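Colleague: To start, I am sharing the structure in question, which I have written as structure tokens.
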Amino acid sequence: DAGVTQSPTHLIKTRGQQVTLRCSPKSGHDTVSWYQQALGQGPQFIFQYYEEEERQRGNFPDRFSGHQFPNYSSELNVNALLLGDSALYLCASSLGSGVRSYEQYFGPGTRLTVT
Amino acid sequence: EDQVTQSPEALRLQEGESSSLNCSYTVSGLRGLFWYRQDPGKGPEFLFTLYSAGEEKEKERLKATLTKKESFLHITAPKPEDSATYLCAVQAESGGSNYKLTFGKGTLLTVNP
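Those protein sequence lines, which keep their order, are chains A and B.
In my numbering, each residue's number is its place in the first sequence (first place is 1) plus 1133.
In my numbering, each residue's number is its place in the second sequence (first place is 1) plus 1197.
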């Protein structure tokens, strides 16, 4: 059973640049959520995609945007990178509806370093 | 605003020494409370979902319980391989339009042989 996959594993960018992170959900899942985890903190919700639409958004600026493709995979884009954007970016997948829809399963994350 | 507080921040145990981790929460209607395990530099691994007060779930040496204000993760006779950060998260009802998980900062558990 294929779990959630993310790419790349690590990324180093310079302030002001743009970055795109990718996620493929667990087999059978159709919903993708993105979280940002700073060192020593719990994950913070960025947004969730379902049926190729942003269904909910957390308290993140418009520099953070996303997309979901017809095969349910997703991208997270961050523009005009700041030093404070350095973090572990986590993708989680779930079912869009139904009894088990609350359970979110996480990928291994992408470590982004902004210099 | 939903809030999750975990205690202690860090816990050191000897192998075989049982203990509990605490997760206190404030949420406007609980849809679910979730426990995850996270190893350094990796994504959180799903452990349990609890939906209502009085519910209990078990998995190997771990047992999670839930009351109306807090959840406990009991670790019985831990082994060094149980060393990890344990994260607690809640999902609020919010009229059916809330899907996000709100996390605590986690408890770093170290089990010495």
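The C-beta atom is built at its ideal place from N, Cα and C for all residues, glycine as well.
What you are looking at is a predicted structure, and each value in this text was computed from that prediction instead of being measured.
Note down, in chain order, every chain B residue with its Cβ under 9 Å from the Cβ of A/Pro1241.
Modeller: Gly1238, Lys1239, Gly1240
Colleague: Count the other C-beta atoms from every protein chain shown that fall within 10 angstroms of the C-beta of B/Ser1249, then say buried if there are 16 or more, exposed otherwise.
Modeller: exposed
Colleague: Exposed or buried, B/Gln1200, counting other C-beta atoms within 10 Å across all chains shown (16 or more means buried)?
Modeller: exposed
Colleague: Roughly how many angstroms lie between the CA atoms of A/Leu1144 and A/Thr1138, to the nearest whole one?
Modeller: 16 Å
Colleague: Can you tell me where the beta strand (DSSP E) with B/Gln1235 in it begins and where it stops?
Modeller: 1227-1235
Colleague: Would you kindly check if the distance between the Cβ of A/Cys1156 and the Cβ of A/Ser1227 is under 7 Å?
Modeller: no
Colleague: Taking only three categories from DSSP, how would you classify A/Thr1235?
Modeller: According to the sequence shown, residue 1235 of chain A is Tyr rather than Thr. Correct three-state label for A/Tyr1235: helix.
Colleague: So if DSSP puts A/Ser1206 in a beta bridge, which residue, or which two residues, is it bridged to?
Modeller: Per the DSSP secondary-structure output, A/Ser1206 pairs with nothing in a beta bridge.
Colleague: Look up A/Leu1172 in the DSSP assignment and say whether it is helix, strand or coil.
Modeller: Reduced to three states, the DSSP call for A/Leu1172 is coil.
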